[in-house]
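Q: Shown below is the structure under consideration.
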């Protein structure tokens, strides 16, 4: 009995150690992929005003609720960067994956909870291309679903938060960001962008999520 209990304790310890190693390895991988090289203009706790350079992106459009749309958009974008349906070299993965609702009314302050982040909409889901690529350098997508485009340099306000990005959490953080923007006398431009830096298997407390809104 004692021997069996000791074996169970050792097994549990080994499994726990493996879990820690896997999580640490994934965190290392995520933190070492290329991310946009923005400049922080101002920081206030979890909120920053940032200047982003011009970004080259691959994007698709999907209809549905927020999380359904980002899941549906991920596969064709992954097929593009990993050259599964086109010729040419693969493209390195970057972070974050972003999505922006199109056809929605421009943001105003204050924002109410009725304007939930999970509302059905048409979403633009984007992979940001590595900074070494100009638009003309990228291989052309195989088909019309994936588009290549540029996002001009811009100034934004962003709020960073951890956890599983449920509709309730995202809606609350969006309200918090917009209230801060209004309190600073800034004018918000366009719909918010939701940014996800981790895969769905990353524990919530290790995830990095952001809501980003353009400001004048």
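Residue numbers (the working numbering): 4 to 219. Virtual Cβ for every residue (Gly too), placed ideally from N, Cα, C.
What is the rounded straight-line gap between the Cα of residue 154 and the Cα of residue 66?
A: Residue 154 and residue 66: Cα-Cα distance of roughly 21 Å.
Q: DSSP on residue 99, reduced to helix/strand/coil?
A: Three-state DSSP puts residue 99 in coil, outside helix and strand.
Q: Would you mind stating whether residue 37 and residue 97 have Cβ atoms separated by less than 8 Å?
A: yes
Q: So, helix, strand or coil for residue 70, using DSSP?
A: helix
Q: Between residue 126 and the ligand NAD, is the CB less than 7 Å from at least one heavy atom?
A: With respect to the ligand NAD, the structure offers nothing, as it holds no ligand at all.
Q: Beta-carbon within less than 6 Å of residue 73's beta-carbon, same chain only, minus the 5 sequence neighbours each way: which residues are those?
A: Once the five neighbours on either side are set aside, the close Cβ partners of residue 73 are 102, 128.
Q: Tell me the rounded alpha-carbon separation between residue 125 and residue 49.
A: 28 Å
Q: Kindly identify the DSSP beta-bridge partner or partners of residue 159.
A: 53, 217
Q: Going by C-alpha distance, which of 130, 171, 189 is nearest residue 199?
A: Comparing Cα-Cα distances from residue 199 to each of 130, 171, 189, the minimum goes to 130.
Q: Anyone know if the C-beta pair for residue 162 and residue 132 falls short of 8 Å?
A: No.
Q: Note down the Cα distance separating residue 82 from residue 88, rounded to an integer number of angstroms.
A: Answer to the nearest angstrom: the Cα atoms are 6 Å apart.
Q: Can you find the residues in the same chain that come closer than 6 Å, C-beta to C-beta, to residue 168, ignoring five residues on each side of it along the sequence?
A: So the list reads 212, once near-sequence residues are dropped.
Q: Hey, out of 217, 123, 91, whose CA is closest to residue 194's CA?
A: 217
Q: Under the rule that 16 or more other beta-carbon atoms within 10 Å means buried, what is residue 219, buried or exposed?
A: exposed
Q: Take residue 136 and list the residues in its own chain whose beta-carbon comes closer than 7 Å to its own, dropping the five residues that flank it on each side.
A: 59
Q: Of the choices 164, 156, 56, whose alpha-carbon is the least far from that of residue 210?
A: 164
Q: Just the Cα atoms here: how many angstroms apart are residue 26 and residue 91?
A: Model confidence at residue 26 stands at a pLDDT of 48, short of 50, so the residue's coordinates are unreliable and nothing is read from them.
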